[in-house]
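Protein chains in written order, with the numbering used here: chain A, 1 to 238; chain B, 1001 to 1346.
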Amino acid sequence: GLFAHLAALEARAHEAAVKREEKEQQEERLARLRARVQELRLQRDELRAKVDLQHKVQLGKGGVVSDPAQPSARAVLEWKIGSVKRMLQVFYLTGISGKLTRQGVCFCISTAYEGTYLDSYYLDLLTKAEVQIQRHSVPAFIPLEQIAKKYLQTDVRRFLSVLSDHLNAYVGRRYQADQLQEHFSDLIKGTLQRNSLCNLLVFDYNVSSESDAFPYSARLVYGDLCRSLPTEVVVSTT
Amino acid sequence: MDETVAEYIRRTILKIPRDEIKTVLQKWHFLSETQLETINFHQIKENISQDVVQLCEENSAGIKQAAVLDIIYNHIYPDKRVWSVYQMNKTGEETEPFDVTDFKKKFKRQLRSALKNVTITFREYEDNAIWIRIAWGTPYTKPNQYKTSYVVYHSQTPYVFVSASVLRSNLPLLCQALVVASNYHDIREMELRSHSLNSLKDIVFKRYSQNFQTYRPRQLQESNVAPTNVDIRIISENRNEKERIQRLSREVFGDGIQPKLEFAQYKLETMFRSDPRMDVLNKKEPFRCLVKFSSPHLLESLKSLAPAGMADAPLSPLLTCIPQKARNYFKIREKKDLFPESFVNP
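In structure tokens form, the structure reads like this:
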């Protein structure tokens, strides 16, 4: 009956959550290792280019006088541009990158969920006297002021880390809700009812697309704004 | 069907451009597709509206349905009204996630406890915007459907967009209801007004393009640098200056389209500066003056001033700070030293 169904759902959900946690941890480890691999590759390329340069210079001295300085300088420049671009890409992939500006620092928080890169948010910080946010592109429903009040003056790294958690969790929740809407539109009645932070989802659904009724009603509450999984789920019959 | 309801529906239909009436009625979902098929949308609007009223009569439309039609009309054509922005404050943290059913209940209860004779209609949209339509009455008269205010609120944000009606006396009631329903402590009006609701949203929600200096690899627009004149005998003498102006413009205004504002108003209370020998204004009182910039698209025109050669780059920060400070009404007072600074003063 209904209880058996609920128990089964609960068990399934628990399993899925545990699996997902494991998967997340693994992927984090993987991303870190990949970034390290990139670093090492860049170092190796650097050294290789130096060796090549040495060779070319020596050949030029002993061999035909064909103006070796011109092409190798150009090659070096092209390689430098390429390596800088790759380094910038690595910065972007790590999720938080920054650039020194005239008055302080500009940070870019790139968010992702399970391998899909989503939005990027920017913060322009002034670091003259005390640290201040000059301008930003963080959405108004993220509690930026609260997080800044707690951590901005004392520990900028913690501030960025907490803000990044909030933003990543928000885009994760939003992405999941969008995917749910998209892939299960025949099992869900109408559209999901949500709010700006996507931390409350309410919808009526069915488990099979054969009937037209939507006998179950689900209410998902995401109590922790830094997590993209719900803290409370209530399923009832409509 | 009530005569007043019929008249109200008729007048609302007349406001809509003829080619769009059918779409609006479809969004309304009150008349069925078969009913809509019976209307000839190519006749004059007077006749279309009469036909619509006839069908509404068949479906027994009431004031609730007419109010929904009005909200839909205002949602599709928001730029016909002037919108102001209000900001709410709260001290504590969120305990419960925002529930729209809860919000609506609290709003209705709070407003009705202060004034019974109001028509309140809600409509939610996919971008988490909640539209509220309020038709105001008085303690002794029924709500007047032509005296309406509209509120747009995005959940879990501190900003509310209000298009008030003539009755400014009802604003405190409205503000109180909003604060209670959204679990905030207080509310104040910002110095930001425009016809373009979406531009106001862009400004406070930071959706407009700000030029952040980052290492994020981006495609630079090469189109401006492409050579426009093929004739090599024509040399651009001021190329360096032009490029400097382009660069400054881009730094200040960003790459995208600016939010749409119609005016910026500066109230000056500064001393008149003249040659002391000319002895104008002996009294040394502040020279009161109001400067108002108007334009169909103020920020875009400011952006094009320097490239068009009409102003020096960089532009005054008083003009360029408008989206960042989220205000287009300023009071400029004298500072202790000789430079007039803008005092952010509500």
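C-beta: ideal position from N, C-alpha, C; glycine also.
DSSP bridge partner residues for residue i (one or two, in chain order)
i: C198(A); result: BP columns for C198(A) are empty, so no partner.
i: D1186(B); result: N1089(B)
i: P1286(B); result: M1271(B)
i: K1292(B); result: Q1265(B)
i: V105(A); result: L100(A) and L125(A)
i: A1308(B); result: DSSP output for A1308(B) lists no bridge partner at all.
i: L220(A); result: L201(A) and V233(A)
i: H1029(B); result: BP columns for H1029(B) are empty, so no partner.
i: Q193(A); result: V202(A)
i: T1148(B); result: A1135(B)
i: F1161(B); result: V1085(B) and V1152(B)
i: R1123(B); result: W1131(B)
Residues that residue i contacts on chain A, provided the C-beta gap is smaller than 8 Å
i: N1128(B); result: R194, N195 and S196
i: H1154(B); result: A140, F141 and S196
i: P1158(B); result: A140
i: V1100(B); result: Q193 and N195
Chain-ordered chain B contacts of residue i [CB-CB under 7 Å]
i: R135(A); result: Q1210 and Q1324
i: R199(A); result: Note that residue 199(A) corresponds to Asn in the displayed sequence, not to Arg. The contacting residues are P1097.
Min CB distance residue i to chain B below 9 Å
i: P68(A); result: In this prediction, P68(A) has a pLDDT of 49, which is less than 50 and means its spatial position is unreliable; nothing more can be read from the coordinates.
i: F141(A); result: yes
i: Y151(A); result: no
i: Y124(A); result: Before going further, note that residue 124(A) is Asp rather than Tyr in the sequence given. For D124(A), the answer is yes, since a Cβ of chain B falls inside 9 Å of its Cβ.
i: C226(A); result: no
i: V171(A); result: no
i: R222(A); result: One point to set straight first is that residue 222(A) is Tyr, not Arg, in the sequence displayed. Taking Cβ atoms only, chain B reaches closer than 9 Å to Y222(A), which makes this a yes.
i: Q146(A); result: yes
Chain A contact for residue i (CB, 9 Å cutoff)
i: F1205(B); result: yes
i: T1138(B); result: no
i: E1124(B); result: yes
i: E1093(B); result: yes
i: Q1219(B); result: Interpretation of Q1219(B) is limited by its pLDDT of 47, a score under 50 that renders its predicted location unreliable; no figure is taken from the coordinates.
Interface partners of residue i on chain A, CB under 7 Å
i: P1296(B); result: The contacting residues do not exist; P1296(B) stays about 26 Å from chain A at best.
Proximal residues to residue i (C-beta, below 7 Å), its chain only, five neighbours per side dropped
i: E1189(B); result: S1084 and Y1086
i: L118(A); result: T111, A112, V171 and Y175
6 Å Cβ shell around residue i - same chain, five flanking residues per side excluded
i: C1056(B); result: I1009
i: P1158(B); result: Q1087 and M1088
i: L1302(B); result: L1319
i: S1223(B); result: Only weak support exists for where S1223(B) lies, its pLDDT of 43 falling under 50; the coordinates are left without a value.
i: K85(A); result: none
i: V202(A); result: Q193 and R219
i: Q1035(B); result: L1055
i: P1296(B); result: none
i: Q1156(B); result: F1098
Own chain residues within Cβ distance below 8 Å of residue i, not counting five before or after
i: H1075(B); result: R1123, Y1125 and W1131
- Is the region 205-213 of chain A in contact with the region 1005-1015 of chain B, if contact means three or more CB pairs nearer than 8 Å? With a cut-off of 8 Å, the region 1005-1015 of chain B and the region 205-213 of chain A do not count as touching, because too few Cβ pairs lie within range.
- Sufficient close CB pairs (3 or more, under 8 Å) joining the region 1228-1246 of chain B to the region 1111-1123 of chain B: Not touching, per the Cβ criterion.
- Query: With contact counted as at least three CB pairs below 8 Å, one residue from each stretch, are the region 190-207 of chain A and the region 1096-1111 of chain B in contact?
  - Reply: yes
- Item | the region 1318-1334 of chain B / the region 1258-1267 of chain B touching (three or more Cβ pairs under 8 Å) | yes
- Query: Counting pairs of beta carbons, one from the region 97-110 of chain A and one from the region 125-135 of chain A, are three or more of them closer than 8 Å?
  - Reply: yes
- Any chance the region 1160-1175 of chain B sits against the region 1036-1053 of chain B, with 3 or more Cβ pairs inside 8 Å? no
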